[in-house]
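Single-structure report; data block below.
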Amino acid sequence: MKAGLIGYGKMGKEIEKILLERGHSAPLIFDVDNLDELTPENLKRCDVVIEFTTPDAAVKNYLACFEAGVPVVSGTTGWLDSRELVLEKCREKNGTFFHTTNFSIGVNLFFELNRKLAEIMSDHPGYALSMKEVHHTQKLDAPSGTAITLAEDLISMIPEKKSWRNDLNTSAEEIGILSERIENVPGIHTINWESAVDTIQITHISKSRKGMALGAVMAAEYSLNHKGILSMKEMLNI
């Protein structure tokens, strides 16, 4: 598999390592220094593109891949206000788009655990719900895309919750999210259910970027043989 990389920061470099370990190659790497090379001709030389950049660059990168007819796998977060536009353009071009807020296999199992616990706790209104997420200081968006996914899943399972807020000072209809940025922390997400007599917590702790990088490469492999809007739930058969 020839995978083009858009974004060559810490994640891009980790993804390149995993690609080579699994017998693939990364013949084209696009970063801030050579964005002029991000052309349809170059993109078409790739079997798939893996994109980890910034919220302000992501949508433009997706549209370029759709135009070139190349599947694109992305873990960039913070751009979801443009989600409907991106999905519409993907369908219009009969493209392939695999996006998730977190490619870690463990995190996606954690998503399922969060939904299951929320289903149980929805019958026990005596517990107050909140969330905390901690990431490295280079992370630009807050809350994290993973935290937003967790919050939206909670909202879908708990009728009285209507929205989330990046603040613990919330109304009864909101889920409060506390975001912290600490040097060299890959990612910690905790769901907290608090009552007068006890606390129930579930936590996922990322030890390194390798788990996300491996999941992204697996998603790229999956995208070679699948078409349309793809997700981790499909790939993992959850």
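With positions in the sequence shown counted from 1, the corresponding number in our numbering is that position plus 21.
Ideal placement from N, C-alpha and C gives every residue a C-beta, glycine not left out.
CB-CB length for residue i against residue j, believed under 8 Å
i       : j       : result
Thr-97  : Glu-58  : In fact, because the Cβ distance is near 19 Å, the residues do not count as touching under 8 Å.
Pro-76  : Leu-175 : Not a contact, Cβ separation roughly 23 Å.
Glu-194 : Lys-183 : 4 Å
Trp-100 : Leu-150 : Not really, about 27 Å apart at Cβ, beyond 8 Å.
Boundaries of the beta strand (DSSP E) in which residue i is found, first to last residue
i       : result
Ala-79  : From DSSP, Ala-79 is part of no beta strand (DSSP E) but of the alpha helix (DSSP H) over 76-89.
Asn-213 : 208-215
Leu-257 : From DSSP, Leu-257 is part of no beta strand (DSSP E); its letter is neither H nor E.
Glu-154 : 149-156
Gly-25  : 24-27
Val-94  : 93-95
Ser-184 : 184-186
Classification of residue i by the beta-carbon crowding that lies within 10 angstroms, buried from 16 upward
i       : result
Leu-229 : Before going further, note that residue 229 is Ser rather than Leu in the sequence given. Ser-229 comes out exposed.
Asn-123 : buried
Ala-168 : buried
Leu-64  : buried
Thr-121 : buried
Pro-61  : exposed
Test item: CB-CB of residue i and residue j under 8 Å
i       : j       : result
Val-53  : Tyr-83  : no
Ile-198 : Pro-164 : yes
Phe-118 : Ile-250 : yes
Leu-171 : Met-152 : yes
Val-69  : Val-94  : yes
Leu-26  : Ile-36  : yes
Lys-23  : Cys-86  : no
Ile-259 : Glu-140 : no
Val-155 : Ile-209 : yes
Gly-232 : Ser-125 : yes
Pro-207 : His-157 : yes
Residue span of the alpha helix (DSSP H) that contains residue i, given as start and end
i       : result
Met-178 : 166-178
Gly-269 : Nothing can be reported for residue 269, as the shown portion of the chain is limited to 22 through 259.
Glu-195 : Per DSSP, Glu-195 belongs to no alpha helix (DSSP H); it is in the beta strand (DSSP E), 195-202.
Glu-72  : Run containing Glu-72: none in the alpha helix (DSSP H); it sits in the beta strand (DSSP E), 69-72.
Leu-64  : 61-64
C-beta neighbour in chain D for residue i, strict 8 Å
i      : result
Glu-37 : This model lacks chain D altogether, as it is built from one protein chain only.
task = Scan the region 102-128 and note each continuous alpha helix (DSSP H) run of 4 residues or more that stays entirely inside, going in chain order.
result = Runs found: 104-113.
message = Give the list of continuous beta strand (DSSP E) stretches no shorter than 3 residues that lie fully inside the region 222-253.
response = Counting only unbroken stretches of 3 or more residues, the beta strand (DSSP E) elements lying wholly within the region 222-253 are 249-251, in sequence order.
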